[in-house]
Each structure stands twice: as C-alpha cells, then as structure tokens.
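In the working numbering, the protein residues as written are 320 to 649.
To start, the structure under review is shown below, and the notes come after it.
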Ligand SMILES: Nc1nc2c(c(=O)[nH]1)N[C@H]1C(S)=C(S)[C@@H](COP(=O)(O)O)O[C@H]1N2
Ligand SMILES: [Mo]
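Listed below in structure tokens is the structure:
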C-alpha cells in the first residue's frame, strides 16, 4: 500500500497574487508573424530580451517556437465569463511531474516540446505515431473558450487552441471492441524532477470512455491565448474535458491507447475515494474534505457558484443517463 502524503491540491488553495503582464501581447503576436524572417535564436531574443527570459512564462527555448496554424474562435462555446488574465493560467499550474506546488513553470520550461510525437495504439484499425506539427496541419485548429474547474475549487476561463479528439479518432478508427481511452503523459526524467518522487504512481495516467472521448467537447489542446502551449500547461499536446474536474485533463501526452479495460488513473491509484474515474463536476457533491458548491476565479479572486457538469450539461448529461450506479461525481 502506498503511503499518502499531504501536499498540493489536497487542500483548497489560498488566493494567488495576480502578477502583472510582463510582455505586450501585440508585440509578441507581431514577432510571431515576423518569425519567418528571423533565425529562431534571434526571434527568441527579440521576443524575450536578454536576461528577461527567466521571468517569462511563455516558451523561451528557440526550438520551442513552432508556428501554430491559423485558428478561428468557435462561437458555439460561450463561457459566460470574462477570460482569465493571460499571465495567470501560464504561471499557476498543477503538473506534479515538475513538482507538487503551483510555481513549476520555470522548471517545466526546461522540457523541450518540439519535436514531439504521440503514439496512438491498442484497439484501432490504424495505429500510428504522429508528429504533433503534422497532426495540427492535417486536422486544422480552432479556438475554444472553455471554463476549467479544478477539484481544489479554483477555476479559469481560457482560450484553448486545438482540435476535437474525435477527429484524431477518425484517423485511427477505433475497433468496436474498444471501450475506453487511456491517456499517458510523457516521462522525461531530465526535466521532470517530480518523477524522482517515487511514491507517486508514474507515469501519469488518465482515461475516459470511448463515448466521452467522442463527445464534441473533448478537446486536444496545442495552444493557449493564440500561442503554442507552454510546457507548464501540458505543451505541446494535452487534453481537456471541460465538464470534469481539471485533474482528468492529462498533460504532455505521449500515448493514447484504445482498450477494453478501464484505465486506473494516477489520482485514483493514490486516493480513489477522493479522486475517481468519472470526476464530473457537481456542486452538490462535496469532496470528502471540502465543499464544491463554489469556486474562486483565478485572476480576480471572485467566488462564484459552481454549476453541474461545470455548466456543460446540455452537451454531456446524456452520456450518463444509464450510469446511475456509478460514482459519477468524484
Ligand atoms: N500529467 C499531468 N497532467 C495533469 C496534472 C499533473 O499533475 N500531471 N495536473 C492536473 C490538474 S490537477 C489540473 S487542475 C490541470 C491544470 O491545468 P493547467 O495547469 O493548464 O491549469 O492539469 C491536470 N493535468
Ligand atoms: Mo486540479
């Protein structure tokens, strides 16, 4: 049996101090556009300035400045809230591979995110190993503004760039026998210093049913605020399930496996009574150690009511009508 230690997100968090935005966004976008004419190194230097890079939460390794193909915002998904100020989601993170506090972004940025490949295997007709750059071009990108609700009772509203997971499933063609999707995070011991904490069940595994994976909301993310996804947010390739608690959204994925066995996730292995397989957001089902009735908005600190399915019930409630015996809310 594993010894469970108290750390990080086992307690609802305290208020974060909003930090000022260090870089002018327009200048960055212009620089990204002009990038074709500059060497990667000159680009990085112009973007971040000598000596300032260590205080910049965006990718600063020149090799990590790939272009994102153009992406239009999809108006179908209206968040009903203001966007979180853009510095907060890239400087306040949960990513235990890099450490169990919220300030892991400088450490995470030591991980090169380009080139990067993702293996898709298991019960599919066309398994393969896909380069993220190729996949983005092949499928095309869109932007979606989603709310993210962490089980710790904080929340953000974020413009993600990416594509529906269903589009990748169309390429690999799941077999009829596949019931679940297993999501495995990369293990990069050179930069992921958290992997040395051997009491955690690495690699980080998450999972969902094939029906959940095929739902229109399930989104593969490769960018945030119009820029390539920084490592601390799970760059270059992570998943989001906006109606589930944030811990389901596996970061920096290396492998996606279609299977007929229900995957046992990282947090389920550590503490199954608190962090289960389904983890759908529900304000009326408290976490064993705190209420889930409200959430604190990162950036403003405002406290607002939490909504069932994080407000996405119209898209996903029908997935669960025949699963009433399952522990759907934890
Ligand atoms: N591999 C991996 N994925 C992870 C985590 C993690 O520690 N490791 N933390 C999760 C948690 S608890 C949350 S709330 C979200 C946070 O995503 P963000 O940092 O982009 O806000 O990532 C999730 N994905
Ligand atoms: Mo979380």
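Ideal Cβ placement from N, Cα and C applies to all residues, glycine included.
The structure displayed is predicted, hence computed values, not measured ones.
May I ask you to report which of helix, strand or coil DSSP gives residue i?
i, result
"residue 512", "helix"
"residue 565", "helix"
"residue 630", "helix"
"residue 467", "strand"
"residue 442", "coil"
"residue 557", "strand"
"residue 451", "helix"
"residue 676", "The structure shown does not extend to residue 676, since the chain spans only 320 to 649, so no value can be given for it."
"residue 573", "strand"
"residue 613", "strand"
"residue 602", "coil"
"residue 585", "helix"
"residue 497", "coil"
"residue 323", "Only weak support is given to the placement of residue 323: the predicted model assigns it a pLDDT of 46, under 50, and the question is left unresolved by the model."
"residue 503", "strand"
"residue 457", "helix"
"residue 397", "coil"
"residue 530", "helix"
"residue 472", "coil"
"residue 483", "strand"
"residue 489", "helix"
"residue 346", "Residue confidence is low: residue 346 scores 39 on pLDDT, short of 50, so the model does not pin down where it sits. Its coordinate-derived value is still stated next. The answer is helix: DSSP assigns residue 346 an H, G or I state."
"residue 649", "coil"
Under 8 angstroms, do residue i and residue j count as touching if we go by C-beta distance?
i, j, result
"residue 398", "residue 465", "yes"
"residue 478", "residue 424", "no"
"residue 611", "residue 601", "yes"
"residue 571", "residue 560", "no"
"residue 308", "residue 635", "For the chain, the structure presents residues 320 to 649; residue 308 sits outside this window and is missing."
"residue 638", "residue 534", "yes"
"residue 526", "residue 584", "yes"
"residue 577", "residue 497", "yes"
"residue 387", "residue 541", "yes"
"residue 646", "residue 595", "yes"
"residue 587", "residue 606", "no"
"residue 393", "residue 448", "no"
"residue 442", "residue 488", "no"
"residue 480", "residue 402", "no"
"residue 564", "residue 623", "no"
"residue 582", "residue 501", "yes"
"residue 510", "residue 430", "yes"
Using 8 angstroms for Cβ pairs, my map puts residue i next to residue j. What's the rounded Cβ distance?
i, j, result
"residue 503", "residue 524", "6 angstroms"
"residue 550", "residue 427", "4 angstroms"
"residue 574", "residue 421", "Actually they are not in contact, since the Cβ atoms of residue 574 and residue 421 sit about 27 angstroms apart, beyond 8 angstroms."
"residue 603", "residue 474", "So it is not a contact: roughly 17 angstroms between Cβ atoms."
"residue 512", "residue 418", "7 angstroms"
"residue 416", "residue 514", "6 angstroms"
Sort the options by Cα distance to residue i and report the nearest one.
i, options, result
"residue 467", "634, 628, 635 and 639", "628"
"residue 451", "416, 400, 640 and 555", "555"
"residue 520", "590, 455, 540 and 493", "590"
"residue 532", "511, 562 and 516", "562"
"residue 608", "528, 472, 509 and 514", "472"
"residue 546", "406, 501 and 616", "406"
"residue 433", "459, 511 and 548", "548"
"residue 617", "640, 597, 457 and 400", "400"
"residue 440", "431, 630, 482 and 492", "492"
"residue 304", "566, 516 and 456", "Since the displayed the chain opens at 320 and closes at 649, residue 304 lies outside it and no answer follows."
"residue 396", "456, 649, 625 and 631", "631"
"residue 435", "445, 444, 446 and 453", "453"
"residue 644", "483, 457, 597 and 455", "597"
"residue 460", "507, 483, 580 and 641", "483"
"residue 414", "649, 642, 507 and 620", "507"
I'd like to confirm something about residue i: is its beta-carbon nearer than 7 angstroms to some heavy atom of ligand 3, or not?
i, result
"residue 604", "By its list of ligands, the structure shown excludes ligand 3, since it contains just ligand 1 and ligand 2."
Discussion item. So within the stretch 405-439, which uninterrupted alpha helix (DSSP H) runs reach at least 4 residues, ignoring any that extend past its ends?
Written reply: 424-427
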